[in-house]
């Protein structure tokens with residue numbers, strides 16, 4: 001018999017669950033095993049190429065091993081330290097007893113015999129320290145890798161002992177994150193896994209890393225991850241794919257506010273549900289992102305007014321998912337060789353690269369289009385980005401009589417003759433001041449409404465108290 005607490009069961013389930021391990025909801029799943037050795041508890045589970053071990057302390061006395069279905073943890077986990085008793089009824093049957101809000105509970109589970117469950121791999125004989133950032137890097141690499149290729153082992157992550165880099169690709173995008181020191185000199189392939197993104201794994205402390213003949217092993221807090229090494233499989237030479245920095249003909253430098261706005265807006269541009277979710281990055285006199293749905297006559301264009309590019313003009317057709325990911329990774333510069341070569345973003349130790357779509361399918365503005373400046377897309381994370389404008393290219397449309405005043409002003413301005421640079425700067429400053437004043441007025445109005453609401457509540461409470469006093473006087 002083994003006794004743990006409901007809180008310990010909850011902690012186990014923070015990592016040992018189907019979603020975290022990438023197991024289908026109704027698919028078969030191997031059991032996990034609890035080993036009690038005096039005052040030490042070890043929980044072990046194997047899922048494909050990943051094995052997980054958890055170590056904690058328990059009340060001393062028990063020396064036993066018990067198997068349980070992985071899904072059983074959801075039934076008796078809890079936030080308190082009330083006991084959960086596990087007992088083997090038969091080699092293939094386990095009983096669990098606990099109390100839920102004062103009501104005794106009991107469940108019996110059919111399990112595999114312990115003899116049929118593969119034991120935990122042997123740990124390394126030596127360990128090295130590695131920064132906590134490795135978990136985030138492995139999670140990003142897992143998001144990059146793919147199981148779709150039969151020719152290459154693209155479902156794997158490459159750990160380069162000599163380069164100190166984590167690398168992954170799915171054939172359309174690739175990620176290389178260097179700066180690590182692995183305790184080996186060759187290149188190692190491990191399987192991608194959603195486990196690396198699990199919030200139940202501690203991320204506020206360095207990890208220990210080691211290697212055996214069959215596994216790369218990570219240890220963080222009470223958790224140890226055994227990552228099986230793939231010994232048979234070809235992996236592409238990613239260094240040959242990434243263009244040299246000197247080959248870049250165009251460089252886009254993104255303003256931080258433009259980058260935040262664009263990241264929030266990309267998913268709301270037309271065509272998000274189309275295959276490859278295409279958008280065009282237009283660098284020709286301005287920096288803009290354009291998109292159009294397959295059944296739409298109009299293209300929507302986001303003008304990145306604060307950003308700038310250098311080099312040759314280019315129109316790049318790309319999957320918005322890759323552009324969005326580059327922004328999420330924090331890149332501020334995009335290197336473009338031409339409209340058909342891989343696009344590159346570089347950081348201190350990070351390289352992200354992706355293949356653009358066919359340039360012939362990029363949405364273009366119509367020659368006779370009526371262009372309007374309309375308010376920026378609102379977002380909870382990016383609220384009223386002033387200098388970033390959103391422009392709509394319309395091939396066939398009629399003027400609306402109830403259009404917003406700011407749209408009419410912008411349309412009228414564009415219909416006039418081009419103004420000088422000084423006039424444009426003054427107009428931009430005037431617009432910025434007007435928007436700032438409008439935002440301040442809105443804040444004052446919201447504050448006044450809140451004060452009014454509080455006064456109404458105070459009056460209601462006072463009237464209720466007076467009625468209660470009158471009622472007491474009548475009763476008295």
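Numbering (UniProt numbering), first residue to last: 1 to 476. Glycine is no exception: its CB is placed at the ideal position from the N, C-alpha and C atoms.
{"query": "At least three beta-carbon pairs within less than 8 Å, the region 118-133 to the region 209-227", "result": "yes"}
{"query": "Residue 18 versus residue 25: straight-line alpha-carbon distance, rounded", "result": "7 Å"}
{"query": "Proximal residues to residue 60 (C-beta, below 6 Å), its chain only, five neighbours per side dropped", "result": "38, 39"}
{"query": "Reduced DSSP secondary structure (H/G/I, E/B, other) of residue 239", "result": "helix"}
{"query": "Cut-off 6 Å between Cβ atoms - residues of its own chain near residue 197, not counting five sequence neighbours on either side", "result": "139"}
{"query": "Touching by the beta-carbon criterion (3+ pairs, under 8 Å), the region 240-253 and the region 345-363", "result": "yes"}
{"query": "Where the alpha helix (DSSP H) containing residue 143 begins and where it ends", "result": "133-144"}
{"query": "Classification of residue 512 by the beta-carbon crowding that lies within 10 angstroms, buried from 16 upward", "result": "Nothing can be reported for residue 512, as the shown portion of the chain is limited to 1 through 476."}
{"query": "At least three beta-carbon pairs within less than 8 Å, the region 247-257 to the region 216-227", "result": "no"}
{"query": "Neighbour-count burial assignment, residue 113, 16 or more Cβ in a 10 Å radius", "result": "exposed"}
{"query": "Extent of the continuous alpha helix (DSSP H) run through residue 62", "result": "That residue, residue 62, is in no alpha helix (DSSP H); its beta strand (DSSP E) goes 50-68."}
{"query": "6 Å CB neighbourhood of residue 161 in its chain, flanking five on each side removed", "result": "182, 184, 185, 186"}
{"query": "Residues near residue 164 by beta carbon distance below 7 Å, same chain, minus five either side", "result": "178, 179, 180, 181, 182"}
{"query": "Helix, strand or coil at residue 36 according to DSSP, with G and I counted as helix", "result": "strand"}
{"query": "Contacting residues, own chain, Cβ-Cβ under 7 Å from residue 10 (five flanking each side not counted)", "result": "77, 78, 79"}
{"query": "Exposure of residue 207, with buried meaning 16 or more beta-carbon neighbours within 10 Å", "result": "buried"}
{"query": "Residue from 330, 2, 27, 43 whose Cα sits closest to the Cα of residue 13", "result": "43"}
{"query": "Burial state of residue 456 (16 or more Cβ within 10 Å)", "result": "exposed"}
{"query": "Cut-off 7 Å between Cβ atoms - residues of its own chain near residue 67, not counting five sequence neighbours on either side", "result": "31, 33, 94, 111, 112, 114, 117"}
{"query": "Local Cβ density within 10 Å of residue 106, reported as buried at 16 or more and exposed below that", "result": "exposed"}
{"query": "Residue 8: first and last residue of the uninterrupted alpha helix (DSSP H) it sits in", "result": "6-13"}
{"query": "Burial state of residue 436, where buried means 16 or more other Cβ atoms lie within 10 Å", "result": "exposed"}
{"query": "Backbone CA spacing between residue 71 and residue 359 [nearest angstrom]", "result": "49 Å"}
{"query": "Cut-off 7 Å between Cβ atoms - residues of its own chain near residue 327, not counting five sequence neighbours on either side", "result": "259, 262, 263"}
{"query": "Which of helix, strand or coil DSSP assigns to residue 355", "result": "coil"}
{"query": "Residues sharing a beta bridge with residue 317, DSSP", "result": "280"}
{"query": "Residue range of the alpha helix (DSSP H) that includes residue 73", "result": "73-76"}
{"query": "When 199, 15, 57 are compared against residue 47, the one with the closest alpha-carbon", "result": "15"}
{"query": "Strand pairing of residue 89, partner residues [DSSP]", "result": "DSSP, once it has assigned bridges, lists no residue as partnering residue 89."}
{"query": "Beta carbon proximity, residue 326 to chain D, threshold 8 Å", "result": "The chain inventory of the structure shown lacks chain D, comprising one protein chain alone."}
{"query": "Short Cβ contact (8 Å threshold) for residue 84 with residue 190", "result": "no"}
{"query": "Cα-Cα separation, residue 419 to residue 280", "result": "Since pLDDT at residue 419 reaches only 43, below the 50 mark, its modelled position is unreliable, and the value read off the structure follows with that caveat. Rounded to whole angstroms, residue 419 to residue 280 spans 28 Å at the Cα level."}
{"query": "Residues bridged to residue 257 [DSSP beta-bridge criterion]", "result": "DSSP, once it has assigned bridges, lists no residue as partnering residue 257."}
{"query": "Bridge partners - residue 98, DSSP secondary structure assignment", "result": "105"}
{"query": "Residue from 444, 316, 226, 277 with nearest C-alpha to residue 50", "result": "226"}
{"query": "Per-residue burial, residue 312 [other beta carbons within 10 Å of its own, 16 or more giving buried]", "result": "exposed"}
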